[in-house]
Amino acid sequence: MKELEPAADHRAHLPAIEPERQVTDWGRSERVEGFFDRTLYEFLYHYWFRVEVEGIEHVPSTGGALLVSNHAGALPPDASMIAKAIKEEHARPRNLHLTVEHFFKGYPGLSLLVSKLGGVPAHPANVHRLLHDEEELVLVFPEGAKGTEKLYKDRYRLRRFGRGGFVESAMRARAPIVPIALVGAEEAMPIFAHVRPLQKLTRLIYFPVIPAPGYLPAKFRIRFLEPIPTDQWGEEPWNDKGLVQTVAEEVRARIQEELYAMLAERKSVWLG
Amino acid sequence: MSRVLITGLSSYWGGRLAQELEKDESVEAIVGVSTEDPSCQLERTEFVRVGTHHALLRRIVHAAEIDTVIDTRLIVDSATAPAKAAHEQNVIGTMNVLAACGGPDSPVRKVVFKSSAHYYGCERDDPSFFTEQMRRPHPPRTRLESDIVEADDAVQDFAARNRHVTVTTLRFCNGLGPDLHTSHSRLLSLPAVPGILGFDPRCQFIHEDDIVGALHHAAMNDLPGVYNAAPDGVLVLSEVASLLGKPYAPLLPPWGTSLATAAWSAVGIRVPEEVRRQLRYGRGLDNRKLKMSGFRFSLTTRETVQEFAAALRLAPLRESGEAPYRYEREVEEFLRWSPSVRRDE
Chain A
1 MKELEPAADH RAHLPAIEPE RQVTDWGRSE RVEGFFDRTL YEFLYHYWFR
51 VEVEGIEHVP STGGALLVSN HAGALPPDAS MIAKAIKEEH ARPRNLHLTV
101 EHFFKGYPGL SLLVSKLGGV PAHPANVHRL LHDEEELVLV FPEGAKGTEK
151 LYKDRYRLRR FGRGGFVESA MRARAPIVPI ALVGAEEAMP IFAHVRPLQK
201 LTRLIYFPVI PAPGYLPAKF RIRFLEPIPT DQWGEEPWND KGLVQTVAEE
251 VRARIQEELY AMLAERKSVW LG
Chain B
1 MSRVLITGLS SYWGGRLAQE LEKDESVEAI VGVSTEDPSC QLERTEFVRV
51 GTHHALLRRI VHAAEIDTVI DTRLIVDSAT APAKAAHEQN VIGTMNVLAA
101 CGGPDSPVRK VVFKSSAHYY GCERDDPSFF TEQMRRPHPP RTRLESDIVE
151 ADDAVQDFAA RNRHVTVTTL RFCNGLGPDL HTSHSRLLSL PAVPGILGFD
201 PRCQFIHEDD IVGALHHAAM NDLPGVYNAA PDGVLVLSEV ASLLGKPYAP
251 LLPPWGTSLA TAAWSAVGIR VPEEVRRQLR YGRGLDNRKL KMSGFRFSLT
301 TRETVQEFAA ALRLAPLRES GEAPYRYERE VEEFLRWSPS VRRDE
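Protein chains in written order, with UniProt numbering: chain A, 1 to 272; chain B, 1 to 345.
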């Protein structure tokens, strides 16, 4: 996979930003995103989920960083709330790019909406370009659909963290990893069962049985944890697959521990 | 001093490139081959009507001591030729051209091959920006794409076997310009820009002048390897529509799209297979390698679309203008060789 390592001045040859445009080269639309931000996200963030944020200073204000979070909810609200948290609370609000499964690019309607809202297909080359060349913030959910499709009884138990691809991407870009523990999304839209025939019919990734047609007003708590620098292991650490797996496991363990700690503190699902 | 052979002289790019090279004093001789007459006026380019038979091409290459071969023949739009002819041209033709350039005694030192971004295909799990080293994640799904992949691979194979020859492959994204007639330009000329419901694909368009410019750049410089030729800026189709001042009309259904396009072709709107895939998934190319080699795109994708919009607005006014150039062998030969023609020297 050495093709992901571009020569030094590749960054200098990035396309210039055309100020007249409202859509980026990734397909992200300022207008659509702004509209959601002002209406739905604003409401969900302040009034519905009453998001509380801790450790926002762990999100660097310059340079690329890879944000890693737990993932839950049939229609996961966590990504948009993390993005909103950075816009609301950070000293230097930055745009967040979230990596989404390739499924979203292929599904009509979602394809259009997800990319306009800042979703980028989860391809290693995309993550590398965003982190290394464009020096942006990227949010990944290493659990992927395994996290969102899990049933309510398995809540807050992290699934397998993929194959450690996110660690490799961060190492190649020499970007820090910021783990995030997020409490509340599991209860906002829990899944009680899956309906396979309907899933086949609609060709969605899953077709869940949920308690309500919308989000339940669970209290959200987002904790940004201390960043893990990825330039501490010398040259080309990504060739050491053992190290990659170890780091991935460490990130997972940190988030899991933090989740247990936060759940122990939580008195009520709805009031926090 | 260089002596250039252009294959596919009758194609738009072949002709334009020849015109461009003619202005260049350092280009000593320009020979163009094609099975059809050139479509633009040429001063000193010599036209030979010949297909891609390798023995004939080889004789031309040796006799004229050609050192640079620029292959612009590739068919990149399946609406322009039937599948069989496209296969013949793209796969067999490329093989023959390469055979004519190879060999230990060949005078050829440089081959420039005009390839296409169809090499990368359009898939759900594509990266958002293809770089030159990336391979498509799945085997080609359309005949045109598999022919282009085969041709491009043959060129890479030729480059590996002939280390003394500088082989440049330029993979162009979709071209757009007032004089370029492609499936895309026809779709964008409709009263509304058609699309697939629920999709707003990313697309890149290179201006026709930049296509010629990139080929010229590759002919004049030593650029071994593969280069993506796509300008800065990746637009979404709805953005293209608004630049053209037209509504974006996603009228094709997301499921059963191929049936719908078949119905559309009955009423004269042709959406070839490879374009259909682009309308669904879109494609973006990383152009930094070509930019690093010193090439400057004159227009971004956005400016290319704007220029195309201007050309569309002018089109009804221009139609009554002068008749297009027609190649007449006798006239051309008279003008070129007759002692009676006064040349300013």
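Glycine included, C-beta positions come from ideal geometry on N, C-alpha and C.
These numbers come from a predicted model, not from an experiment.
Let me know the secondary structure DSSP gives SER78 (chain B) once reduced to three states. coil
For the stretch 11-31 of chain B against the stretch 83-100 of chain B, are there 3 or more C-beta pairs whose distance is under 8 Å? no
When you compare only the Cα positions, how much space is there between GLU5 (chain A) and ARG174 (chain A)? At GLU5 (chain A), the pLDDT of 47 sits below 50, so the modelled position is not reliable; the number obtained from the coordinates is stated separately. Cα-Cα distance, rounded: 11 Å.
Mind checking which residues open and close the alpha helix (DSSP H) that includes VAL91 (chain B)? Careful: VAL91 (chain B) lies outside any alpha helix (DSSP H) and carries neither H nor E.
For ARG129 (chain A), return the contacting residues in chain B, with the cut-off set at a CB-CB distance below 7 Å. Within 7 Å Cβ-Cβ: PHE129.
Taking a contact to mean a Cβ-Cβ separation below 8 Å, would you say VAL61 (chain B) touches SER106 (chain B) in this structure? yes
Chain A contact for VAL193 (chain B) (CB, 8 Å cutoff): no
Nearest-angstrom Cα separation, counted from LEU56 (chain B) out to LEU96 (chain A): 59 Å
Whole angstroms is fine: what's the gap from SER293 (chain B)'s alpha carbon to SER2 (chain B)'s? 20 Å
Just mark ASP200 (chain B) as buried or exposed, buried being the case when its beta carbon has 16 or more other beta carbons within 10 Å. That one is buried.
Leaving out five residues on either side along the sequence, give the residues of the same chain with a beta carbon under 7 Å from the beta carbon of GLU30 (chain A). GLN22
For a contact meaning CB atoms closer than 7 Å, what does PRO15 (chain A) contact in chain B? ASP232, GLY233
Let me check understanding here. Comparing Cα to Cα, which of B:GLN89, B:VAL50, B:ALA160, B:ARG73 lies closest to LEU215 (chain B)? B:ARG73
In chain B, which residues lie less than 7 Å from residue 356 (chain A) when you measure between Cβ atoms? In this structure chain A extends from 1 to 272, so residue 356 (chain A) is not present and cannot be described.
What's the gap between the Cα of GLU239 (chain B) and the Cα of ILE206 (chain B)? GLU239 (chain B) and ILE206 (chain B) have their C-alpha atoms some 16 Å from each other.
For ARG277 (chain B), which residues from the same chain have a beta carbon less than 6 Å from its beta carbon, with the 5 sequence-adjacent residues on both sides left out? CYS122
List the residues of chain B that VAL23 (chain A) touches, going by C-beta distances under 8 Å, in chain order. LEU235, VAL236, GLU239
What are the start and end residues of the beta strand (DSSP E) that includes THR168 (chain B)? 166-172
Spatial neighbours of THR7 (chain B) within its chain, please: C-beta separation below 6 Å, excluding the five flanking residues on both sides. VAL33, ASP71, ARG73, VAL97
Against chain B, with Cβ distances strictly below 8 Å, would TRP238 (chain A) count as a contact? no
Return the residue from the list A:VAL32, A:THR148, A:GLY34, A:LEU14 that minimises the CA-CA distance to ASP25 (chain A). A:LEU14
So, does the CB of TYR281 (chain B) fall closer than 8 Å to a CB anywhere in chain A? yes
What do you get for LEU259 (chain B), buried or exposed, if any count of 16 or more other CB atoms within 10 angstroms of its CB means buried? exposed
Taking buried to mean at least 16 other C-beta atoms within 10 Å of its own C-beta, is GLU101 (chain A) buried or exposed? buried
What do you reckon, are the CB atoms on TYR152 (chain A) and LEU259 (chain A) nearer than 8 Å? no
Alpha-carbon spacing of GLY55 (chain A) relative to THR99 (chain A), whole angstroms: 22 Å
Residues of the stretch 178-201 of chain A whose Cβ lies closer than 8 Å to any Cβ of chain B, in chain order: none
Taking the alpha carbon of VAL275 (chain B) as the reference point, which residue from B:ILE148, B:ASN90, B:SER183, B:GLY93 has its own alpha carbon closest? If we check each option's Cα against that of VAL275 (chain B), B:SER183 comes out closest.
Give the DSSP-derived three-state secondary structure of GLU127 (chain A) in the structure shown. It should be pointed out that residue 127 (chain A) corresponds to Val in this sequence rather than to Glu. The answer is helix: DSSP assigns VAL127 (chain A) an H, G or I state.
At a cut of 8 Å, does the stretch 291-309 of chain B reach the stretch 208-226 of chain B through at least three beta carbon pairs? Contact between the stretch 291-309 of chain B and the stretch 208-226 of chain B is present, because at least three Cβ pairs lie under 8 Å.
With a threshold of 8 Å between beta carbons, is ARG288 (chain B) in contact with chain A? yes
Does PRO142 (chain A) get closer than 8 Å to chain B when you measure Cβ to Cβ? So no, PRO142 (chain A) is outside the interface.
Taking the alpha-carbon positions, what's the MET1 (chain A) to THR246 (chain A) distance? Low confidence applies here, because MET1 (chain A) scores a pLDDT of 39, under 50, leaving its location unreliable and the question unanswered by this model.
Contact under 8 Å by Cβ, ALA39 (chain B) with TYR325 (chain B): The displayed chain sequence assigns Ser, not Ala, to residue 39 (chain B). Between SER39 (chain B) and TYR325 (chain B), the gap from beta carbon to beta carbon is short of 8 Å.
Taking the alpha-carbon positions, what's the GLU149 (chain A) to LEU299 (chain B) distance? 46 Å
Is there a Cβ from chain A that is less than 8 Å from the Cβ of LYS291 (chain B)? Look at LYS291 (chain B): its C-beta is under 8 Å from a C-beta on chain A.
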